[in-house]
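Asker: One structure, as structure tokens, below. Some questions next.
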């Protein structure tokens with residue numbers, strides 16, 4: 001904390017010494033400038049750049065850069081810019097932040113925001129990018145064609161997707177969150193909206209920005225403009241950039257970029273990506289990612305709409321513990337050598353997960369890996385194909401090697417219950433498919449499918465606390481179930497949050513609360529936040545993290561009573577809400593009879609090929 | 001696990017068709033190969049369900065089955081619909097190894113997919129044993145006649161040169177698709193079915209991956225493969 005403060009002070013010092021050297025042209029933001037650069041209006045910007053003449057010495061000023069610690073960023077004061085804006089924009093009367101308990105109380109930084117800073121950085125970006133663009137032109141990058149030209153040769157509009165969007169159009173700039181992936185050589189790899197070709201010059205500029213800062217032995221982390229936050233993430237030979245107007249914190253956005261990176265790794269592995277780029281610096285990675293854009297698109301949509309990503313926890317479907325146990329037992333019995341995970345999913349939520357015990361003794365399955373698997377299932381064609389067998393890497397488990405995933409739905413044609421079996425043996429398809437048949441049989445015998453079909457997520461009304469509209473509760477590991485998959489529970493979003501827009505609005509409020517709680521410079525333990533149309537309370541302790549949403553008229557005392565009741569209810573229901581003790585099996589040559597609950601498994605560390613995984 | 005060859009026909013239990021005649025069901029492994037977006041999955045859909053649906057790019061490989069009844073035998077096609085994407089190429093040998101039939105699919109409206117099919121052919125030739133795999137060159141998207149970039153003659157010519165069977169299909173309209181499957185069934189049965197151990201008997205509950213395992217070095221570690 002001390003160090004944090006220190007850095008903050010330094011940053012501010014730097015900031016003060018920065019004279020706003022140029023007039024601030026209105027309405028310039030990064031998205032504008034990026035697209036300006038990519039089209040015919042470019043000369044305008046170039047001219048402005050001449051007028052601006054920002055020297056290199058000034059660069060670290062408006063850039064949020066940090067050489068040493070990844071975690072410690074200078075986002076504190078920049079972030080507070082956003083906070084103040086949020087306050088003024090949301091409502092005039094009832095907006096009120098009340099930090100009941102803070103670990104640090106340097107509230108002074110809240111007031112540090114000035115409009116100058118923001119427009120300054122906006123201007124900086126414009127000029128920086130323009131300059132970079134000039135340099136790029138000077139070098140004469142080969143094969144760069146005008147985006148306008150390319151826009152003209154688009155395919156028939158019948159198949160208009162995000163990919164075919166006109167990147168010079170205003171609607172393109174209006175997207176809430178852009179994500180770009182490029183190689184260190186500046187080659188486009190992925191863009192969430194618009195084709196990568198059309199954006200190649202824009203990405204070139206981004207890379208120029210990255211390498212410019214790099215040449216000063218520094219790392220660019222983020223750029224803030226009035227409307228947008230631009231976050232950079234460098235992972236190995238890949239550069240990921242997010243341009244967001246979502247008001248999320250830099251840290252959250254960086255976390256999302258990390259998910260994008262992991263998804264790419266899950267398809268190619270980290271080792272092969274490094275190998276490819278070591279071999280050929282300007283390799284076009286799109287060759288290998290062709291056909292996978294949908295997987296990345298799907299991931300980004302999920303990241304925006306599913307709080308699991310924000311909480312870094314998996315959402316499991318509430319299920320009577322007897323039913324969950326019986327499903328687990330079915331999975332435990334259907335094993336074959338080298339099977340490591342058996343996962344049963346319904347409607348993108350976990351029903352149960354059984355893990356190979358030798359594997360899981362040394363490495364735990366991270367929620368992020370499960371998210372990637374769930375996204376892959378969503379993007380795969382298993383629903384039409386019957387059975388899928390595909391290599392997949394779990395980046396947090398081991399970024400350099402593949403598992404082989406068997407994906408099949410158990411209830412065609414509805415296709416809601418999906419079985420995912422992961423093996424380390426690429427030849428094991430028939431053996432694993434046989435496991436599925438055993439599972440299918442057992443489920444028919446126990447009538448499991450119709451029982452699962454009746455299962456639904458729960459309503460907040462079941463908690464029996466009036467005024468409580470929604471909540472998200474994430475318990476932390478307790479020693480008892482160490483190595484447990486981090487989970488969270490949350491009721492359905494019901495009225496008034498039934499429309500997509502309202503859902504998103506609530507999620508945005510949660511994201512805001514989350515960013516305050518997890519602020520690197522000023523983390524909070526408890527926030528009571530009165531917003532315009534609801535009141536939120538977020539609370540983090542050593543045991544759990546809780547976000548609640550109440551009707552706007554709730555009083556603080558009421559909210560606290562409600563939370564006590566809610567916690568009691570969760571405690572009572574926890575066997576139903578969570579996978580309490582993820583069961584295990586052993587797929588070593590002599591499988592021991594797996595014990596229910598997986599708590600008393602014998603110490604059995606036979607090397608069965610898994611060790612190479614760990 | 002020591003069993004190398006599939007069960008000898010005759011030793012296996014015989015099943016009866018509706019007329020009470022005993023009919024053997026033999027397993028046929030068929031693999032669909034070709035570039036991305038040529039219509040391998042839509043063809044497979046046609047084979048299995050006789051329907052057309054726009055598909056998303058295949059992840060890894062999709063496994064489907066379809067039983068084809070010939071006059072004196074039933075063939076259970078195990079169709080491996082591979083992903084055309086380059087990133088999966090390193091694992092594709094897994095799917096075409098030991099295949100009795102391979103369909104090299106290209107899109108008649110995209111010349112590069114025709115070239116791609118020839119690359120696949122070379123790849124396949126490295127692995128297959130003469131006489132054990134029947135290979136078809138399939139020009140798909142026959143409905144896109146007006147955008148045709150690869151002529152029938154070219155396709156036929158290549159097929160003749162390399163000793164392949166040739167057909168043009170349309171997964172969209174269903175044109176020639178069932179003919180293709182029937183043809184493949186006949187050819188496979190003629191070429192390999194008659195041989196001792198050419199095709200294995202299909203059991204209600206197949207006993208694992210016996211005849212696939214023996215052909216490969218058992219790699220239990222997932223670390224050794226990568227694109």
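Protein chains in written order, with UniProt numbering: chain H, 1 to 614; chain F, 1 to 227. We treat Cβ as the ideally placed atom computed from N, Cα and C, and that holds for glycine.
1. Leaving aside the five residues before and after residue 367 of chain H along the sequence, list all residues of the same chain whose C-beta is less than 6 angstroms from its C-beta, in chain order.
2. Taking 7 angstroms as the threshold (beta carbon to beta carbon), is residue 107 of chain F in contact with chain H?
3. Measuring CA to CA, which of H:576, H:503, H:546 and H:319 is closest to residue 514 of chain H?
4. Give me the chain H residues within the contact set of residue 56 of chain F, using Cβ-Cβ distance strictly less than 8 angstroms, ordered along the chain.
5. Just mark residue 115 of chain F as buried or exposed, buried being the case when its beta carbon has 16 or more other beta carbons within 10 Å.
6. Can you check which of these residues, F:25, F:34 and F:41, is closest to residue 388 of chain H by C-alpha distance?
7. Name, going along the chain, the residues of the stretch 73 to 99 of chain F whose beta-carbon falls closer than 9 angstroms to a beta-carbon of chain H.
8. By the 9 angstroms beta-carbon criterion, what residues does the UniProt domain "FUZ/MON1/HPS1 first Longin" (177 to 299) of chain H contribute toward chain F?
9. Using a Cβ cut-off of 8 angstroms, which residues of the stretch 122 to 143 of chain F contact any Cβ in chain H, in chain order?
10. Please state if the CB of residue 557 of chain H and the CB of residue 550 of chain H are separated by a distance shorter than 7 angstroms.
11. Compare the beta carbon distance of residue 641 of chain H and residue 408 of chain H with 7 angstroms and say whether it is the shorter of the two.
12. Would you kindly report the start and end of the unbroken alpha helix (DSSP H) that includes residue 418 of chain H?
13. Residue 83 of chain F to residue 58 of chain F, Cα distance in whole Å?
14. To the nearest angstrom, how far is the alpha carbon of residue 496 of chain H from that of residue 303 of chain H?
15. With respect to the beta strand (DSSP E) encompassing residue 475 of chain H, which residues constitute its N-terminal and C-terminal limits?
16. Give me the Cα-Cα distance between residue 364 of chain H and residue 464 of chain H, rounded to the nearest whole angstrom.
17. Which value, in whole angstroms, describes the spacing of the CA atoms of residue 276 of chain H and residue 283 of chain H?
18. Just to check my reading of the structure: residue 360 of chain H and residue 187 of chain H have Cβ atoms closer than 8 angstroms, yes? What is that Cβ distance to the nearest angstrom?
19. Bridge partners for residue 409 of chain H per DSSP, in chain order?
20. Does residue 27 of chain F come out as helix, strand or coil in the three-state DSSP assignment?
21. Taking any Cβ of chain F, which residues in the stretch 459 to 471 of chain H have a Cβ under 7 angstroms from it, in chain order?
22. On the DSSP letters alone, give me the boundaries of the alpha helix (DSSP H) that residue 635 of chain H sits inside.
23. Using a Cβ cut-off of 7 angstroms, pull out every chain F residue sitting near residue 311 of chain H, in sequence order please.
24. At 8 angstroms on the CB atoms, spell out the chain F contacts of residue 387 of chain H, in chain order.
25. Of the residues that make up the stretch 32 to 43 of chain F, which ones have a beta carbon closer than 9 angstroms to any beta carbon in chain H?
26. Helix, strand or coil, according to DSSP, for residue 393 of chain H in the structure here?
27. Name, please, each residue of chain F whose Cβ falls closer than 7 angstroms to the Cβ of residue 390 of chain H.
28. If you follow the alpha helix (DSSP H) that residue 160 of chain F is part of, which residue opens it and which one closes it?
29. Ignoring anything shorter than 3 residues or poking outside the stretch 161 to 185 of chain F, list the beta strand (DSSP E) runs there in chain order.
30. Rounded to whole angstroms, what's the CA-CA distance from residue 401 of chain H to residue 533 of chain H? Just pull it up for me.
31. For chain A, is any of its Cβ atoms less than 7 angstroms away from the one on residue 426 of chain H?
32. Check whether the stretch 226 to 240 of chain H and the stretch 491 to 510 of chain H touch, using three or more Cβ-Cβ pairs below 8 angstroms as the test.
33. Return helix, strand or coil for residue 554 of chain H, following the three-state DSSP convention.
34. Name the two residues that bound the continuous alpha helix (DSSP H) containing residue 429 of chain H.
35. Where DSSP assigns a beta bridge to residue 548 of chain H, which residues make up the other side?
36. Between which residues of its own chain and residue 490 of chain H is the CB-CB distance below 6 angstroms, once the five residues before and five after are set aside?
Answerer: To lay it out plainly:
1. On the first chain, residue 367 of chain H is found 367 positions in, with the first residue counted as 1. 312, 313, 314 and 486, listed in sequence order.
2. Sequence index remark: in the second chain, residue 107 of chain F carries index 107 (1-based). Not closer than 7 angstroms to any Cβ of chain H, the Cβ of residue 107 of chain F fails to qualify, so no.
3. Locating residue 514 of chain H in the first chain gives position 514, where the first residue counts as 1. When only C-alpha atoms are compared, the closest one is H:546.
4. Taking the first residue of the second chain as position 1, residue 56 of chain F is located at position 56. Residues of chain H passing the Cβ test: 294, 379, 380 and 381.
5. Numbered from its first residue, the second chain carries residue 115 of chain F at position 115. That one is exposed.
6. Taking the first residue of the first chain as 1, we reach residue 388 of chain H at position 388. Selected option, being the one with the closest Cα: F:41.
7. 80, 81, 83, 84, 85, 86, 87, 88, 90, 91, 94 and 95
8. 267, 268, 269, 271, 272, 275, 276, 287, 288, 289, 290, 291, 292, 293, 294 and 295
9. none
10. On the first chain, residue 550 of chain H is found 550 positions in, with the first residue counted as 1. On the first chain, residue 557 of chain H is found 557 positions in, with the first residue counted as 1. No; because the gap between Cβ atoms is not below 7 angstroms, this pair is not in contact.
11. The requested residue 641 of chain H is not part of the displayed model; chain H covers only 1 to 614.
12. To locate residue 418 of chain H, count along the first chain from 1; it is residue 418. Taken as a continuous stretch (DSSP letters only), residue 418 of chain H belongs to no alpha helix (DSSP H), being part of the beta strand (DSSP E) at 417 to 423.
13. Along the second chain, one-based indexing puts residue 83 of chain F at 83. Along the second chain, one-based indexing puts residue 58 of chain F at 58. Between residue 83 of chain F and residue 58 of chain F, the C-alpha separation is close to 5 angstroms.
14. Residue 496 of chain H sits at position 496 when you count from the first residue of the first chain. Residue 303 of chain H sits at position 303 when you count from the first residue of the first chain. Spanning the two alpha carbons is a distance of roughly 22 angstroms.
15. In the first chain, residue 475 of chain H corresponds to position 475, counting from 1. Here the beta strand (DSSP E) through residue 475 of chain H covers 468 to 475.
16. Counting from 1 along the first chain, the entry for residue 364 of chain H is found at position 364. Counting from 1 along the first chain, the entry for residue 464 of chain H is found at position 464. Cα-Cα distance, rounded: 36 angstroms.
17. By one-based count along the first chain, residue 276 of chain H stands at place 276. By one-based count along the first chain, residue 283 of chain H stands at place 283. Using only the alpha carbons, I get a separation of about 7 angstroms.
18. Locating residue 360 of chain H in the first chain gives position 360, where the first residue counts as 1. Locating residue 187 of chain H in the first chain gives position 187, where the first residue counts as 1. Not really, about 39 angstroms apart at Cβ, beyond 8 angstroms.
19. In the first chain, residue 409 of chain H corresponds to position 409, counting from 1. In DSSP, residue 409 of chain H forms a bridge with H:418.
20. Walking along the second chain from the start, residue 27 of chain F turns up at place 27. Note: residue 27 of chain F maps to strand in three-state DSSP.
21. none
22. Residue 635 of chain H is absent from the model: chain H starts at 1 and stops at 614.
23. As a working note, residue 311 of chain H is residue 311 in the first chain. Residues of chain F passing the Cβ test: none, with the nearest at roughly 27 angstroms.
24. Here residue 387 of chain H refers to the residue found at position 387 of the first chain. Neighbours of residue 387 of chain H on chain F, chain order: 62, 63 and 64.
25. 36, 37 and 41
26. Here residue 393 of chain H refers to the residue found at position 393 when the first chain is read from its first residue. Note: residue 393 of chain H maps to coil in three-state DSSP.
27. Counting from one through the first chain, the residue named residue 390 of chain H turns up at place 390. By Cβ distance, chain F contributes 59, 60 and 61.
28. As a first step, residue 160 of chain F must be located in the second chain, where it is residue number 160. From DSSP, the alpha helix (DSSP H) with residue 160 of chain F extends over 152 to 162.
29. 165 to 168
30. On the first chain, residue 401 of chain H is found 401 positions in, with the first residue counted as 1. On the first chain, residue 533 of chain H is found 533 positions in, with the first residue counted as 1. Computed Cα separation, rounded: 48 angstroms.
31. Annotation note: the requested chain A is absent from the structure, which comprises protein chains H and F.
32. no
33. As a working mapping, residue 554 of chain H is identified with position 554 in the first chain. The answer is coil: DSSP assigns residue 554 of chain H none of H, G, I, E or B.
34. For the purposes of this step, residue 429 of chain H is identified with residue 429 of the first chain, where counting begins at 1. Note, residue 429 of chain H: alpha helix (DSSP H), 429 to 445.
35. As a working note, residue 548 of chain H is residue 548 in the first chain. According to DSSP, which records beta bridges pairwise, residue 548 of chain H is partnered with H:471 and H:537.
36. If you number the first chain from 1, residue 490 of chain H lands on position 490. Excluding sequence neighbours, residue 490 of chain H sits near 472.
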